[in-house]
Structures are given as structure tokens and as C-alpha cells.
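Okay, structure first, notes after.
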Amino acid sequence: MVAWILLSLACRTPKPAAPPDAPNIILVSLDTVRSDHLTTYGHSRDTAPYLDSIAADGVSFTDSYAQASATTPTHASIFTGLHPYDHEAYGYSRKLVSRHVTLAELLRDHGWRTIAATSSMKFDRGSGFSQGFEDYLLFGDGAKNRRSKKVSDGVRALLAEENERPVFAFVHYFDAHAPYAAPAPYTTLWHPGMDAPAPEDTTRFIQHNQSTPVPGPTRAYLAALYDGNIRFLDDNLRSFLDGLAIANGRSTLLIITSDHGEAFGEHNYLGHSSKVYEEIVQVPLVVRWPGQIPPGRTLDRRVQSIDLLPTIGALLDIPIPEGLPGRSHADALRGVSPTPPRVIAGVTDPVVIFNRPRNWGLIGELDGRRFKISRQTDEDLRLFTLDSDPGAHRDVIAQHSREAGLLMEAAVALGVPVGKRPSQQVENLRQLSQEQVERLEAMGYIDELEQPPQ
Ligand SMILES: [Zn+2]
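Just so we're aligned: the sequence shown equals residues 9 to 462 in this note's numbering.
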């Protein structure tokens with residue numbers, strides 16, 4: 009009885025209203041965008057002039073990592089502030105369970121109106137990503153090239169509604185993801201074309217050639233198609249944000265990032281999914297908040313997906329769940345003296361990318377040098393010196409066993425389940441329909457298919 013009364017009171021307790029000066033927050037996820045293919049990050053092609061203009065009015069982080077190599081785990085890390093080995097939403101077959109507090113829940117409970125619009129089946133109702141959102145628009149079906157407009161139109165319509173509350177909008181665009189078949193003229197912006205694969209067949213091509221060497225001209229063609237798709241995405245982003253009117257008249261904190269990159273044969277690997285190569289895990293992070301964040305700066309602090317929740321919490325001055333592993337970069341964004349670096353086992357600002365116990369990596373500085381240690385399927389433990397080998401191609405673990413030992417120590421201290429078998433827990437395992445399995449296979453995500461243990 010007492011419990012019932014307490015529960016009843018809790019349900020009737022009004023949620024706190026957001027402060028009068030609380031901003032709107034628009035969090036944009038550009039699926040499958042590697043940072044070095046963006047104008048802002050030094051790409052020779054003008055793939056993203058609009059994003060570049062936003063960066064000029066805000067801040068871009070030059071050393072930004074995704075927490076994983078696939079859509080589900082990285083977005084789950086963005087929403088929860090947890091490493092993938094803690095939330096265990098490893099792929100489409102494993103949903104984000106409700107006991108984790110998400111960014112949307114946090115903001116909703118502090119007075120924000122929460123809306124989301126997504127353009128991949130990975131966010132469907134069974135994924136667990138809708139928790140905390142009052143409006144949740146799904147555009148994961150149908151022609152890929154038309155989804156972004158649906159996403160933009162859906163969000164713009166909701167933002168134009170009269171509403172006193174500040175708004176949190178999660179906006180997800182899928183244009184850069186294979187197939188690289190943006191409409192004309194985007195596919196021929198930087199390459200006249202090849203006989204095969206046709207742009208619409210690039211998903212299948214990647215699937216069939218994922219781990220085999222591909223000739224240089226074909227790699228260059230795929231990368232040019234991809235760049236054209238990023239330009240299409242950038243134009244869609246412009247259509248969404250240019251002149252965007254939010255009825256409540258509040259200021260807007262805009263955050264733009266990505267969930268993973270894309271490989272074009274740098275390590276004889278195409279696409280993304282489970283490997284932790286640099287080209288697959290380095291992603292953009294651009295933040296703009298007029299009047300609050302001094303514009304026109306680049307920050308070389310290392311950031312990761314799990315840092316977004318603590319950073320947003322600190323910028324808004326709202327409490328976040330205790331014990332989260334990420335850290336806030338609010339001070340650096342505001343231009344005041346930033347928090348000192350974090351050192352674990354002698355490793356400065358370690359970042360963990362984690363897909364599964366057999367596919368993870370850790371990046372950090374040791375004795376002033378930047379290292380990466382990684383363990384991937386079919387590979388021994390490897391170590392790279394990123395200062396002289398930024399693409400992480402030459403394994404130097406034999407020459408640097410001490411450093412490898414310290415990086416492993418940092419990994420263990422951060423909770424990485426080093427050398428353990430994949431979790432057998434089935435709490436979050438989804439039962440997929442035949443149609444869902446076929447769609448996943450068509451997208452090239454065979455390794456995300458898991459079935460409950462018999
Ligand atoms: Zn993705």
C-alpha cells in the first residue's frame with residue numbers, strides 16, 4: 009500500500025519546468041560520415057560547404073571518435089553515455105534496454121519537449137531508441153534518397169508548432185550510407201563513372217568484396233561516389249537548417265556528429281561494421297550555440313561519443329546519472345580553462361572503441377606519443393604509433409611491449425572485457441522476423457544477425 013501511494017505520488021509530481029533561458033537542442037547524426045572526407049577536416053573536395061559554414065560559426069573538434077563501428081552501438085553510447093560493453097546494444101539484434109537512462113529521458117524529465125526523426129531501420133520501434141521521445145518519426149523504409157526530406161519536413165513541422173518548452177530534436181540522416189546512389193548530378197561530381205558497380209549496386213559490391221583487395225581505380229571510384237553522397241547530405245542539411253524557425257524563440261544549441269566512418273580499401277576492407285580501423289572510427293563533431301560558445305575555433309581535445317551526454321548536461325546545468333565514463337567538454341566549448349586531461353595507467357585521455365570482445369581498440373598518449381592498440385577478428389593484438397603512422401598500418405607491438413602493456417592496463421581499468429567471451433546474456437536479444445532478417449542482409453549487415461541460444 010505504501011509503495012502504491014509513493015508510486016502514485018511520483019506519477020503525479022509535476023516534472024520540473026526548464027529554465028526560461030534553456031535552449032533548444034538539435035542533435036544531428038550524419039550516418040556513415042568519416043571526418044577526413046569533409047571540407048572542414050581538410051578534404052580536398054568541397055563535400056560539405058554547409059557543414060563548414062556551421063563550423064565557422066561554432067567549434068569543430070579535430071580529434072573525435074565514434075564509440076563503435078556500427079549504427080546501433082554508437083548511437084546507444086551517444087544516448088546513454090555508456091560504453092558498448094556496458095549497454096550491450098551491439099547491433100540490430102540487440103536492443104537498448106529500458107533500464108538505461110537516455111539523453112531524451114533526461115531532457116524530457118527536465119522540461120524539454122523531445123522529438124526524433126530517423127531514417128534507418130536500425131531505429132525501429134523494437135530497437136529501444138524511442139525511449140524518452142514524445143514524438144518519434146520513423147522513415148527507415150522506402151527510397152533512400154527521399155528519406156532525408158521526410159526527416160527534415162517532419163522535424164520542421166513539429167518545431168513550428170506553438171510550444172513554450174525548449175525542444176530536444178534528434179535528427180538522423182542516412183544519405184552517406186551505401187548504396188552511394190544519390191540523384192544526379194551528385195554521383196558524377198568527382199568521377200565520370202565506371203561500368204561496374206553501378207551506384208545502386210555498391211552495397212552488394214561492398215558485401216561481396218568486404219575483406220578482399222580491390223583495384224585502386226575501383227576504390228577511387230567508390231570514394232568519389234561516397235563524396236557525392238556526402239555533398240547530397242550536406243545540401244539536405246542546408247535545406248533543413250537554413251532559416252529554421254522554432255516557435256518558442258529560444259536560442260539553439262546545435263550538435264552535429266556521426267556514428268562511424270567508412271573504409272575504401274585502406275586496410276583491404278570496404279564499408280564498416282565490426283573493424284576498428286581509423287577510417288571507420290574517426291568522425292566529425294561540430295557544435296554551435298550563438299552567444300554562448302565563442303565561434304570560429306577548432307579544438308584538438310580528444311572526444312568520443314560517450315562525452316556528448318556529460319557535455320550537454322554541463323552546458324545546460326542539469327544533473328546526469330552518476331558514474332558515467334565520459335567527460336564534459338563544456339568548459340573548452342565555452343572558451344574557459346578546460347578540465348585537465350584524464351590519465352589512466354599512464355595513458356592520457358584514453359578512448360575505447362568497442363564492437364565485441366574480439367573487435368576493439370584503444371587510443372591514447374603515452375610519454376607524449378600517440379598510440380593505438382587493437383584486437384580484431386583474425387588478428388593478433390597490434391600496436392600502432394599514430395604520430396608517424398596516422399592510418400595505423402604498421403604493427404610495432406614487438407618493439408613497444410612496455411607501451412602495449414600499459415595500454416592494456418588502461419583498457420582493463422576502463423572495464424574493457426579483454427579476452428572474454430561474448431556475453432551470453434539474452435536480456436536484450438530481439439526475435440527478428442524473416443522480413444527483418446532479409447532487410448538486414450540486403451543492407452550488408454549479416455554479422456549483426458544473432459539468434460537466441462538454443
Ligand atoms: Zn550507421
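Beta carbons are placed, not taken as given, at the ideal position from N, Cα and C, and that holds for glycine.
Can you tell me whether residue i is buried or exposed, with buried defined as 16 or more other CB within 10 angstroms of its CB?
i, result
"Asp-375", "exposed"
"Ala-412", "buried"
"Glu-286", "buried"
"Ala-124", "buried"
"Ser-16", "Residue confidence is low: Ser-16 scores 44 on pLDDT, short of 50, so the model does not pin down where it sits. Its coordinate-derived value is still stated next. Flag for Ser-16 reads exposed."
"Ala-26", "buried"
"Asp-308", "exposed"
"Ser-441", "exposed"
"Thr-196", "exposed"
"Ala-11", "Since pLDDT at Ala-11 reaches only 45, below the 50 mark, its modelled position is unreliable, and the value read off the structure follows with that caveat. By the neighbour-count rule (16 or more Cβ atoms within 10 Å), Ala-11 is not buried but exposed."
"Thr-79", "buried"
"His-45", "buried"
"Gly-251", "exposed"
"Glu-456", "buried"
"Ala-151", "exposed"
"Thr-47", "buried"
"His-408", "buried"
"Asp-203", "exposed"
Quick one: residues in its chain with C-beta nearer than 6 Å to the C-beta of residue i, no 5 flanking neighbours on either side, listed in chain order?
i, result
"Tyr-188", "Pro-207, Thr-210, Leu-233, Tyr-234 and Asn-237"
"Ser-135", "Lys-103"
"Phe-392", "Lys-380 and Ala-400"
"Leu-389", "Arg-383"
"Thr-306", "Ser-68 and Thr-70"
"Met-9", "Residue placement at Met-9 is flagged as unreliable, the pLDDT there being 42, under the threshold of 50; a coordinate-derived value is accordingly withheld."
"Pro-191", "Asn-153"
"Pro-205", "Phe-213"
"Pro-461", "Caution applies to Pro-461, whose pLDDT of 46 falls short of 50 and renders its modelled position unreliable; the value that the coordinates give is listed next. Counting only Cβ-Cβ distances below 6 Å, and skipping sequence neighbours, we find nothing."
"Ala-30", "Pro-174"
"Leu-323", "Ala-338"
Leaving out the 5 sequence neighbours to the left and right, which residues in its chain are closer than 7 Å to residue i when beta-carbon positions are compared?
i, result
"Gly-299", "Ser-259"
"Gly-354", "Leu-374 and Leu-414"
"Leu-435", "Checking the displayed sequence, the identity of residue 435 turns out to be Glu instead of Leu. Only Val-105 meet the Cβ criterion."
"Ser-345", "Asp-339"
"Ser-247", "Ser-160"
According to the Cβ coordinates, are residue i and residue j closer than 9 Å?
i, j, result
"Ser-43", "Ser-77", "no"
"Ala-253", "Leu-35", "no"
"His-180", "Thr-122", "no"
"Lys-23", "His-108", "no"
"Val-426", "Pro-365", "yes"
"Ile-320", "Leu-249", "no"
"Val-175", "Trp-120", "yes"
"Ser-313", "Leu-241", "no"
"Gln-384", "Ser-281", "no"
"Gly-58", "Leu-245", "The amino acid at residue 58 is misidentified as Gly; the sequence shows Tyr. In this structure, Leu-245 lies closer than 9 Å to Tyr-58 by Cβ."
"Arg-239", "Asp-54", "yes"
"Leu-166", "Asp-149", "no"
"Lys-158", "Leu-145", "yes"
"Trp-297", "Gly-66", "yes"
"Asp-39", "Ser-128", "yes"
"His-95", "Val-105", "yes"
"Val-284", "Asn-363", "yes"
"Gly-343", "Ile-301", "yes"
"Gly-515", "Ala-184", "Residue 515 cannot be examined here, being either before or after the span of the chain that is shown, 9 to 462."
"Arg-164", "Phe-141", "no"
Since residue i contacts residue j with CB under 8 Å, what's their CB separation in whole angstroms?
i, j, result
"Thr-110", "Gln-75", "That belief does not hold up - the Cβ atoms of Thr-110 and Gln-75 are roughly 15 Å apart, past 8 Å."
"Leu-437", "Glu-417", "That belief does not hold up - the Cβ atoms of Leu-437 and Glu-417 are roughly 32 Å apart, past 8 Å."
"Ile-62", "Ile-381", "In fact, because the Cβ distance is near 34 Å, the residues do not count as touching under 8 Å."
"Val-311", "His-337", "6 Å"
"Leu-230", "Phe-182", "Incorrect: roughly 18 Å between the Cβ atoms, too far for contact."
"Asp-267", "His-51", "In fact, because the Cβ distance is near 19 Å, the residues do not count as touching under 8 Å."
"Val-360", "Ala-406", "The pair is not a contact, with the Cβ atoms about 23 Å apart (cut-off 8 Å)."
"Pro-81", "Tyr-100", "10 Å between Cβ atoms; not a contact."
"Val-424", "Tyr-93", "7 Å"
"Leu-341", "Val-291", "No, Leu-341 and Val-291 are not in contact; Cβ-Cβ is about 17 Å, not under 8 Å."
So, at 8 Å on beta carbons, what are the nonlocal neighbours of residue i in its own chain, with the 5 sequence-adjacent residues on each side left out?
i, result
"Leu-317", "Ile-86, Phe-87, Thr-88, Gly-89, Leu-111, Leu-114, Ile-328, Leu-332 and Gly-334"
"Ala-168", "Ala-253, Ile-254 and Ala-255"
"Arg-378", "Ile-371, Gly-372, Thr-393, Leu-394 and Asp-395"
"Ala-64", "Pro-303 and Gly-304"
"Pro-358", "Arg-350, Ile-352, Leu-370, Ile-371, Gly-372, Leu-415, Ala-418, Ala-419 and Leu-422"
"Pro-221", "Gly-273 and Asn-276"
"Lys-428", "Pro-365"
At 3 residues or longer, what runs of the beta strand (DSSP E) sit wholly inside the stretch 271-352?
293-296 and 305-312
Counting only runs that start and end within the stretch 365-415, where is the beta strand (DSSP E) found for 3 or more residues in a row?
367-374, 377-383 and 390-393
Taking only runs of the beta strand (DSSP E) that begin and end inside the stretch 124-195, which ones reach a length of at least 3 residues, in chain order?
143-146 and 175-181
Enumerated in chain order, which unbroken segments of the alpha helix (DSSP H) with a length of 4 residues or greater are wholly contained in the stretch 30-100?
57-64, 79-88 and 92-95
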